[in-house]
Every structure is written in C-alpha cells, then in structure tokens.
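Using the numbering used here, you'd call the opening residue of the sequence shown number 0 and step up by one each time. The block underneath contains the structure these notes are about, expressed in structure tokens.
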Amino acid sequence: MNSNDFNGQRKALLIGSPYGGLQGVPNDVTAMETMLESRGFTIAKCCGHQATRDGIRSDWNSLIDSLDTNDTVVIYYSGHGALVEAPKTTADEKSPRPKHHQFLVPIDYDETTSDDFRGLLDVELTDLLRRTTDVTSNVTVIFDCCHSANIARDSVSSRNPRYKCLPRQMYNVASYIDGLKRDGYLQGNIEAEDNPHAVKICAADVHSLAWERKGTDGIQISIMTEILVREINDIRNQYSSWKTTMTKVREEVRREFHNQRPQVYGAHHRLYFSMEERRSTGFHVTLRGDYTILHAGRVAGVNVGDTYVIWPYGYGDSGTNLIGDARVYSVCGFEATLLVRWNSSMPSGGAFAYLQTPAPIPRWPIQFPGTLERFGRTIDQSNVLRPWLHNEERDPFLKCVYEGNDLILYTNEDVHIASMERSSNYFGGLLKAAEQLARAQHLLNLECNNEEERLSHDFRVSLSPRHNNSVSIPEGGEIYVKMENHGAHKIYVHVFYITATGLITELEKRSFGNRQSATLGENWMRKCGGIEITWPRGVPRTSPITEYIVFVITDQEVDLSILETSEAPLRNAKKPAELSRIRYDVVHENLRVLPAETIPSDASG
0 MNSNDFNGQR KALLIGSPYG GLQGVPNDVT AMETMLESRG FTIAKCCGHQ
50 ATRDGIRSDW NSLIDSLDTN DTVVIYYSGH GALVEAPKTT ADEKSPRPKH
100 HQFLVPIDYD ETTSDDFRGL LDVELTDLLR RTTDVTSNVT VIFDCCHSAN
150 IARDSVSSRN PRYKCLPRQM YNVASYIDGL KRDGYLQGNI EAEDNPHAVK
200 ICAADVHSLA WERKGTDGIQ ISIMTEILVR EINDIRNQYS SWKTTMTKVR
250 EEVRREFHNQ RPQVYGAHHR LYFSMEERRS TGFHVTLRGD YTILHAGRVA
300 GVNVGDTYVI WPYGYGDSGT NLIGDARVYS VCGFEATLLV RWNSSMPSGG
350 AFAYLQTPAP IPRWPIQFPG TLERFGRTID QSNVLRPWLH NEERDPFLKC
400 VYEGNDLILY TNEDVHIASM ERSSNYFGGL LKAAEQLARA QHLLNLECNN
450 EEERLSHDFR VSLSPRHNNS VSIPEGGEIY VKMENHGAHK IYVHVFYITA
500 TGLITELEKR SFGNRQSATL GENWMRKCGG IEITWPRGVP RTSPITEYIV
550 FVITDQEVDL SILETSEAPL RNAKKPAELS RIRYDVVHEN LRVLPAETIP
600 SDASG
C-alpha cells in the first residue's frame, strides 16, 4: 500500500435524500455505513429532513474544512437525480452555455421558487469535489441515483419494482449559476468533467434508470448499493481495483435490470479507498446463450487466435481456481467469441480473461547496427517489433544509429525519441520506447472495414490554434477541439491524444445528442485556457514533430481505457443468442508542433 494510506484519517459523508417517498434510502445509508465503519471510517450523515440543499452544502464544506493531505475520503449519495434546463429562446441557439444540467434532488426540492433553485447542480458538485481533491487525492464519490430525465428509483415494497420518473425540470439555470458564482459558491473552473484525482461511481449512465427494490434479506434497498457493498466485503476482492469490481457490479445489476448500467470514472485503477493502483489487463467474459463472449474486440487489439486464461473475479491472473483456457474464434469491433476448455463452470456474474499468447500479427521493422547482436535477440522476442532486413523494399519503421557516445532511436520521420550511452549493455529503455511507438500504430491505423459495423454519422471536428489559423502550433501554445454532432442520432465519442513518442492519453469521453456540440479547452464561464501543447519528454527540440488526435465514435457506450498507455479484455435446436453489434467509426487529425527552442533533452523515456 502507499504510505499515505496509513498516515491520515478515514472520513465519510453519507447523504440520503428520500425525496418522493423513496423507501430504500435509509437502508442504503445503513449498508454503506456498516461497511465503511468496518474499514475504519469515521462517519458523518446528512439524511432525511437534514438532507436539504443547504444542509448538504454545509456538511460537505465542513468535511473539506476538516481534511488533511493524507486523509482518505468517501462521499456517498442515495436519492433522486434529474435534469434541469432553461426555457428555450432564439438567443439560446448560439449560446455556449450548456443546454441542461444534471442535479441531485434534496429533500426540500419542492421549496424551489423563481429565484431560489433547491437542487444541487452538477457545477456545484464539480466545484465541491475539486475543492475536496485540492486537499487530498484519496477521494471516492458514489452517487446511487439516476442522471437523466428518466430518473427512476422504485418506491414500492415489491421484489418486482416499478420505476418512478421525475420529469425534466425547467428553470432559468444560467441566471441561477451566475448568482452562485457571485455569492462565492463556485470558486473555479466549473466545467462538469471527470476529476482525475477521484474515483467516481455512478449507479446509472446519463440515459438509463437506477432502481431500488427488496433485497436478498427482504428490505428495500438500491440494487447497486447492495451489490457494491457485498463485493467490497468479499475477502476475495481485497486486491481488486474499482474498475474490476464495477465490471462485476454492472453485470450483476444488468442481470436483474438490463437497462441500468453502473459506471466508474476517474482513478478507477485504484484499490478500494487507497492510492495504490492495480491496472488490470483482463477483459470481462460472460455467457450469452451458447456463446462465451469476450467483451473486447478488434478496437482493443483482440485478434483471432489469441489465447486467454479465465479466472474468477478477485483472483487476478494467478491462483488455483482457473476456470479454463480459451482461444478467440471470431472477433468484431467490440466483442469476440471464445472456444473454451473448461476446468469449472462460469460464475453467474462472469469472470475475467487474461491474454496468455497473442496470435502472430505483422511486426514493425527496426534497423540497428549489426554489432548489437544482443539487442537483435531482444527484438526477436518482441510481439510488435522485428529486425529490419536490408533487402526489404520499404524503409524501416524505426532505426538505431550511433552518434558519438550515444545510441539514438529515430522514427521514420527522423524524430529522436530515445537514447542510451554507447557503453551501456542495458537496452530496456530503448526497447520500451520502440515498443510504445509500435503499439500506438494500432490506434493510429484503426478504421472500421466491416460495412455492417460501420457507423453512419455526421460528426464534425475542427482544430483551432488559439492565435492563428495555421495547422502548426508552437510548443506551449493552446489548441481548441470543436466537436459537433450534425446527425439525427445520439453518438458516443472518445478522444485520444497520441504524442510523437506514441504515448496515448484519453482526453475526453462524452455523448452527443442531435445538434449537440462541445469544445475541448473551452467552457462558457472561462473562454481562455485551451489544451496546452507540451513537448514530449526525451525528445530534443531540434525540429518540428507530428502528434495526433484520434476520435472513436460509437452508437453505444463502451470502455476504451485499455487503449491508454499514459500514467494520469449447439446443444439444442434453438435460435442462437443474438450477438451485439456496436457500430463505430474512427477519425484521425494531426497537428505539427514547433519546438520553442533548440535545447538538450531534459529526460529520457
């Protein structure tokens, strides 16, 4: 564990708003309280009649005031969530302000007046969370509520629940937010975005329902809270990341309510309530009719012939409980079918598959001096690189050359991306840099070649350097990325930035409805401060470099975090189970980055 995990206190704020007669909220809070107390948390509660808008604000601010740098924090909310939007006017059409806001529904929401909105808006929550992580980065927030117009939590005592919708609300949101900022409730950039320093768990995505119903012991409780608490308490999951656990929670929830999709955002590789990370390289596996489905496909780099080992949740990729080994039989963009040799039956909630042996794929050629026999043997063992042959017609993808006392690694565009001393026998850094750039080619060359999978869309992108209209931008300059959905259907967009060295970072993931647009690096409260373009570490500032922005567009919400490399898977005569078909497309943009000055490299890697 990170030493910071032991030095501070553990504090939790549990918020329960039973607005609208929700019966499960007190039981949600009790379940979370019991679990957290067993893990050493001191609990503060804001529930029932205390869970007013001002009460929630006050208690969250009191929590912030009590924190120290090494404290561990949990904020939990159970209740309704909804959308609010301003009445439309002609002037609104060109306004950069958001068309609607998500909000939590405090117990006193019915006291809303024309000049006093009693919901807690997403911009307020963003600001509160930012001020929390300004003190300590070990923060987990859990929202067991719905985040869409179809807000739904069952309030009847029945195992077969009925959903209850809070209609979309209308309010002069812009004026209210201006007042919040004027009165000091909003203290910084309030663009509603993921906070990279916190783990954020949501019971449902922005267009699905969140449910409560009678649980396994007969009491009314939210399904996500019940399953999440159970998984955290399971000793087998003590070294699981939030991402791994939420994959299982999502599958368990969807078995009961197929239209609810719990999600985890932010620092999801962390272990429970810890700064320690465990980056899972596994993919979720489930049974669908007679098929064994790997929930990853061509976009994630899965290929026919790859072999996997399947383990239960919480066991990682080792132990004595191997479920089976498998080979990829067929693959599409986001799923693959497996042929499995079973050792035991598949658990009801699925399992995880870990790559054992990748299928042979074309490798990228690298040229190096003939005297480096040991380096050549290392390259021979790589899954993505191979030695370049002198009789090849095409140029090498990478080349290593001696320059003075150094061995320099160059791209095929003559960009210096790594180096080592000539006298050294350690090639690890050079190999890591070469493989990183080679692996980035998967995303750089990704496209949808299957007509049945290709998404028909009208998604438009424009890049705009802040000071001029040139396609080149100086180091330290700022760029804006405008994205617009001119199509009739909702789409999901993942935005990746790929440096000249092949480092991949996911800049953004968001949905776009019809005619919706967004600009990365800009919001309506703060017009300056685009995405700053920095120079990659280890690259001398001797010549311009080319970097890339890649947009993966889908018609369903997907998890593409596996693509990131930066720090921040016929028994009876009956109709076969339908295999899902996620349609997608990929758009690539590049920008030429000009060095600020010619100075020596400041680091390697």
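For every residue, glycine included, the Cβ atom is placed at its ideal position computed from N, Cα and C. The model shown is predicted, which means the values in this text are computed figures rather than measured ones.
#1: When you compare each of Val400, Asp584, Gly349 and Gly332 to phenylalanine 367 by their alpha carbons, which one comes out closest?
#2: Taking the alpha-carbon positions, what's the threonine 370 to glutamate 412 distance?
#3: Taking 8 Å as the cut-off, does the segment 127 to 145 touch the segment 73 to 87 (at least 3 CB pairs, one atom from each stretch)?
#4: For histidine 415, write down the residues that DSSP places opposite it in a beta bridge.
#5: Taking 8 Å as the threshold, find out whether the segment 545 to 563 comes into contact with the segment 585 to 592 through three or more Cβ pairs.
#6: Any beta carbon of chain D sitting closer than 7 Å to that of valine 592?
#7: Looking only at C-alpha atoms, which of Asp67, His48 and Met31 sits nearest to glycine 7?
#8: Would you say tyrosine 479 and glycine 403 are within 7 Å of each other, going by their C-beta atoms?
#9: Please identify the residue among Pro464, Asp457, Gly183 and Thr500 whose C-alpha is closest to the C-alpha of valine 492.
#10: Checking 7 Å against the spacing of the C-beta atoms, do isoleucine 552 and isoleucine 503 come in under that value?
#11: Where does the unbroken alpha helix (DSSP H) through arginine 9 begin, and where does it stop?
#12: May I ask which residues mark the beginning and end of the beta strand (DSSP E) holding tyrosine 175?
#13: Which residues does DSSP list as the beta-bridge partners of isoleucine 503?
#14: Provide the residue(s) that pair with serine 510 in DSSP beta bridges, ordered along the chain.
#15: Which residue or residues does DSSP assign as beta-bridge partners of histidine 485?
#16: Drop a sphere of 10 angstroms on the beta-carbon of tyrosine 496, count the other beta-carbons inside from all chains shown, and report buried for 16 or more, exposed for fewer.
#17: Look up leucine 593 in the DSSP assignment and say whether it is helix, strand or coil.
#18: When DSSP labels each residue in this structure, what does isoleucine 55 get in the three-state scheme?
#19: Hey, how far is the Cα of leucine 185 from the Cα of valine 298?
#20: Where does proline 575 sit, in a helix, a strand or coil, going by DSSP?
#21: Ordered along the chain, which non-local residues of its own chain (more than five positions away) have a Cβ less than 8 Å from that of leucine 443?
#22: Should valine 301 and alanine 335 be called a contact, given that it needs their Cβ atoms to be closer than 7 Å?
#23: Measure the C-alpha to C-alpha separation of proline 311 and proline 346 and round it to an integer number of angstroms.
#24: Let me know the alpha helix (DSSP H) ranges lying completely inside the segment 198 to 258, each 4 residues or longer, listed in chain order.
#25: Going by DSSP, what residues sit across from leucine 436 in a beta bridge?
#26: Can you check whether the CB of threonine 139 is closer than 7 Å to the CB of valine 198?
#27: Let me confirm a value: asparagine 137 is counted as buried when at least 16 other C-beta atoms fall within 10 Å, else exposed. Which label applies?
#28: Is it right to say alanine 595 is buried, meaning 16 or more other beta carbons lie within 10 angstroms of its own, or is it exposed?
#29: Measuring CA to CA, which of Pro361, Leu354 and Asn320 is closest to asparagine 342?
#30: Mapping DSSP to helix, strand and coil, what is glutamate 420?
#31: For alanine 203 and glutamine 259, what's the separation of their Cα atoms in angstroms?
#32: Report yes if the CB atom of glycine 349 is closer than 7 Å to the CB atom of glutamate 250, and no otherwise.
#33: Going by beta carbon distance, what residues of the same chain come within less than 7 Å of glutamate 391, once the five residues before and after it are set aside?
#34: Which residues does DSSP list as the beta-bridge partners of leucine 321?
#35: Roughly how many whole angstroms lie between the Cα atoms of isoleucine 63 and cysteine 331?
#36: Cα separation between isoleucine 222 and arginine 393?
With the structure as the only source:
#1: On the sequence shown, position 368 is the one that residue 367 refers to. Cα-wise, what sits closest to phenylalanine 367 is Val400.
#2: Taking the first residue of the sequence shown as 1, we reach residue 370 at position 371. Taking the first residue of the sequence shown as 1, we reach residue 412 at position 413. Whole-angstrom Cα-Cα distance: 24 Å.
#3: Yes, since at least three Cβ pairs between the segment 73 to 87 and the segment 127 to 145 fall closer than 8 Å, the two stretches touch.
#4: Start at 1 with the first residue of the sequence shown, and residue 415 comes out as number 416. BP columns for histidine 415 point to Tyr409.
#5: Remark: three or more beta-carbon pairs, one from each stretch, lie closer than 8 Å, so the segment 545 to 563 and the segment 585 to 592 are flagged as touching.
#6: Reference to chain D is not applicable here, since this structure consists of a single protein chain.
#7: Residue 7 sits at position 8 when you count from the first residue of the sequence shown. When only C-alpha atoms are compared, the closest one is Asp67.
#8: Taking the sequence shown and counting its residues from 1, the one referred to as residue 479 is at position 480. Taking the sequence shown and counting its residues from 1, the one referred to as residue 403 is at position 404. No, they are not a contact pair.
#9: In the sequence shown, the residue the question calls residue 492 occupies position 493. Just measuring C-alpha positions, the residue of Pro464, Asp457, Gly183 and Thr500 sitting nearest valine 492 is Asp457.
#10: Numbered from 1 along the sequence shown, position 553 holds the residue referred to as residue 552. Numbered from 1 along the sequence shown, position 504 holds the residue referred to as residue 503. No; because the gap between Cβ atoms is not below 7 Å, this pair is not in contact.
#11: Indexing the sequence shown from 1 puts residue 9 at position 10. Arginine 9 -> not in any alpha helix (DSSP H); beta strand (DSSP E) instead, spanning 9 to 15.
#12: Indexing the sequence shown from 1 puts residue 175 at position 176. Annotation for tyrosine 175: no beta strand (DSSP E) segment contains it, though the alpha helix (DSSP H) segment containing it runs 172 to 181.
#13: As a working note, residue 503 is residue 504 in the sequence shown. Bridge partners of isoleucine 503: Ile497.
#14: Residue mapping note: residue 510 aligns to position 511 of the sequence shown, counting from 1. DSSP, once it has assigned bridges, lists Tyr491 as partnering serine 510.
#15: Here residue 485 corresponds to residue number 486 of the sequence shown, with the count starting at 1. Histidine 485 is not bridged to any residue.
#16: To locate residue 496, count along the sequence shown from 1; it is residue 497. Its Cβ being crowded by 16 or more others within 10 Å, tyrosine 496 is buried.
#17: Your numbering for residue 593 matches position 594 in the sequence shown. In this structure, leucine 593 counts as strand in the three-state DSSP scheme.
#18: Here residue 55 refers to the residue found at position 56 when the sequence shown is read from its first residue. It is helical.
#19: As a working note, residue 185 is residue 186 in the sequence shown. As a working note, residue 298 is residue 299 in the sequence shown. Roughly 40 Å separates the two Cα atoms.
#20: In the sequence shown, the residue the question calls residue 575 occupies position 576. Low local confidence applies: a pLDDT of 34 at proline 575 is under 50, so the model's placement there is unreliable, with the coordinate-based value given in what follows. If DSSP states are grouped into helix, strand and coil, proline 575 belongs with coil.
#21: As a position in the sequence shown, residue 443 is number 444, starting the count at 1. The answer, listed in chain order, is Ile497, Tyr547, Val549 and His587.
#22: Within the sequence shown, residue 301 is the residue found at index 302, counting from 1. Within the sequence shown, residue 335 is the residue found at index 336, counting from 1. Yes, they are a contact pair.
#23: Working through the sequence shown from its first residue, we reach residue 311 at position 312. Working through the sequence shown from its first residue, we reach residue 346 at position 347. Between proline 311 and proline 346, the alpha-carbon positions lie close to 7 Å from each other.
#24: The qualifying runs are 222 to 232 and 241 to 255.
#25: Looking up residue 436 in the sequence shown gives position 437. Paired residue(s): none; leucine 436 is not in a bridge.
#26: Here residue 198 is taken as the residue at index 199 of the sequence shown, counted from 1. Here residue 139 is taken as the residue at index 140 of the sequence shown, counted from 1. Between valine 198 and threonine 139, the C-beta gap is smaller than 7 Å, which places the two residues in contact.
#27: Counting from 1 along the sequence shown, the entry for residue 137 is found at position 138. Asparagine 137 comes out buried.
#28: Here residue 595 refers to the residue found at position 596 when the sequence shown is read from its first residue. Under this definition alanine 595 is an exposed residue.
#29: As a first step, residue 342 must be located in the sequence shown, where it is residue number 343. In this structure, Asn320 is the residue among Pro361, Leu354 and Asn320 with its C-alpha nearest to the C-alpha of asparagine 342.
#30: On the sequence shown, residue 420 is found 421 positions in, with the first residue counted as 1. Three-state DSSP puts glutamate 420 in a strand.
#31: Counted from its first residue, the sequence shown places residue 203 at position 204. Counted from its first residue, the sequence shown places residue 259 at position 260. Cα to Cα, the separation comes out at about 6 Å.
#32: Within the sequence shown, the letter at position 350 stands for residue 349. Within the sequence shown, the letter at position 251 stands for residue 250. In this structure, glutamate 250 lies closer than 7 Å to glycine 349 by Cβ.
#33: On the sequence shown, position 392 is the one that residue 391 refers to. If we look at glutamate 391 and ignore the five residues flanking it on each side, its Cβ neighbours are Pro364.
#34: Translated into positions along the sequence shown, residue 321 becomes position 322. BP columns for leucine 321 are empty, so no partner.
#35: Working through the sequence shown from its first residue, we reach residue 63 at position 64. Working through the sequence shown from its first residue, we reach residue 331 at position 332. Going by the C-alpha atoms only, they are around 47 Å apart.
#36: If you number the sequence shown from 1, residue 222 lands on position 223. If you number the sequence shown from 1, residue 393 lands on position 394. Those two C-alpha atoms are separated by around 57 Å.
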